[in-house]
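Taken in sequence, the protein lines are chains W and P.
Using our numbering, the letters of the first sequence correspond one by one to residues 594 to 747.
Using our numbering, the letters of the second sequence correspond one by one to residues 594 to 747.
Below is one structure; the comments refer to it alone.
Number of protein chains: 2
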Amino acid sequence: MGYSIGEVAARTGLTAHTLRYYEKEGLLPFVSKNRSGMREYSRQDLAWLSMIECLKASGLQLKEIAQYIGWFKEGDSTLKQRLQLFQKRRAVVEQEVMKLHKILDKLTYKEALYREAVALGSLDAAMQKPEMQALKEMLFQKPDDFDQLVEDED
Amino acid sequence: MGYSIGEVAARTGLTAHTLRYYEKEGLLPFVSKNRSGMREYSRQDLAWLSMIECLKASGLQLKEIAQYIGWFKEGDSTLKQRLQLFQKRRAVVEQEVMKLHKILDKLTYKEALYREAVALGSLDAAMQKPEMQALKEMLFQKPDDFDQLVEDED
DNA sequence: CTAAAGCTTAGAGTTCGCTTTAAGGCAAGC
DNA sequence: GCTTGCCTTAAAGCGAACTCTAAGCTTTAG
């Protein structure tokens, strides 16, 4: 019954230190301890860790996560705040995904360029190739960001 | 002529302080200065800043970006390293996008759950609803991560 | 029975990426 | 001429999220 801190560390990839740190910061207020003072993590505690990871990945700071947990403990009077938080996080993550797709376009172009450059032994020669210029235009034709107003950096 | 540090700051959203800091860290080794010692940024410098932003967004640390710039300055003898770097970054960003899609699923579920909870005035009542349980199953039927092995945290 | 592994606490230290401070030079507008 | 604002440098400070240290207790394997 219950997982030791070491087991939870192994399962989550966090260290035991980090788990205690989270607890200190108010992120895991439900963890119980046995008679000799050792932590015993329940399945619910693991679920909370999973939620913490989700909120962290969505860009929330630990103290904001602690606040969410505070709301949860307050009960149904804080439902609106929690709804707003999830709406906001979803919007933020959707933005981030869009940003990463642009980053991916740029990296794809660079990868193709350098693959050609390695083949030719020369970056300049690769940049001269019409295929490369065509690829660049295909990926960056929408001039919606500052990046495209300037030349290649290399 | 070229851009002053203030103009570049306004354009990029970075502060003048940050631009000088980047230079100190070896990220902008091409910026020239006028007779009175002030920085004059060229179009190429702006392009480098755009590349720096891209690599930063791909998860690279500043000192790793500085190393990439070092490779660029060394010339065609470092083409392979640079190609490998872009391949690696693309893989990392693709992973990150996949991770964020999972995060998005979870946030979508939570948002729907809390929307219902706000309507009903009770989280427990919302969790009881068959629609919510159906949505949860729809989003999380693939048991490929630890998250799904445990119950809801709330 | 003893040693090693793993747990406890409080608190100091580390890394990253800025961010601010201190002390001062130059250039344009009133 | 003087103030305002932007520029220069070197260096100290900061917030986030760990990460490690110290000192000591408990449990388990040999």
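We put the beta carbon where it would ideally sit given N, CA and C, even for glycine.
Just so we're clear, the structure is a prediction, and the values are computed from it rather than from any experiment.
Per DSSP, residue 599 of chain W is one residue of the alpha helix (DSSP H) stretching across 598-605. For residue 632 of chain W, the closest C-alpha among the options W/658, W/638, W/597 and W/650 is that of W/597. For a cut-off of 8 Å, the C-beta gap from residue 661 of chain P to residue 675 of chain P is around 7 Å, short enough to register as a contact. Residue ranges of uninterrupted alpha helix (DSSP H) with 4 or more members, entirely inside the segment 645-704 of chain P and ordered along the chain, are 655-667. Put simply, the backbone Cα of residue 679 of chain P is about 42 Å away from that of residue 725 of chain P. Non-local C-beta neighbours of residue 637 of chain W in its own chain, meaning closer than 8 Å and more than five positions away in sequence, comprise 623, ordered along the chain. For residue 715 of chain P, the secondary structure class from DSSP, reduced to helix, strand or coil, is coil. CA-to-CA, the gap between residue 705 of chain W and residue 721 of chain W works out to about 13 Å.
Of P/604, P/656, P/651 and P/703, the smallest CA-CA separation from residue 621 of chain P is found for P/656. The beta carbon of residue 707 of chain P sits closer than 8 Å to some beta carbon of chain W.
Residue contact with chain P for residue 660 of chain W: absent (no Cβ-Cβ distance below 8 Å to any residue of chain P). Its Cα nearest to that of residue 663 of chain P, the residue P/618 stands out among P/618, P/701 and P/727. Nearest to residue 731 of chain P by alpha-carbon distance, out of P/695, P/604, P/646 and P/653, is P/695.
The beta-carbon of residue 701 of chain P is placed less than 8 Å from the nearest beta-carbon of chain W.
Straight-line spacing of the CA atoms in residue 669 of chain P and residue 712 of chain W works out to 11 Å.
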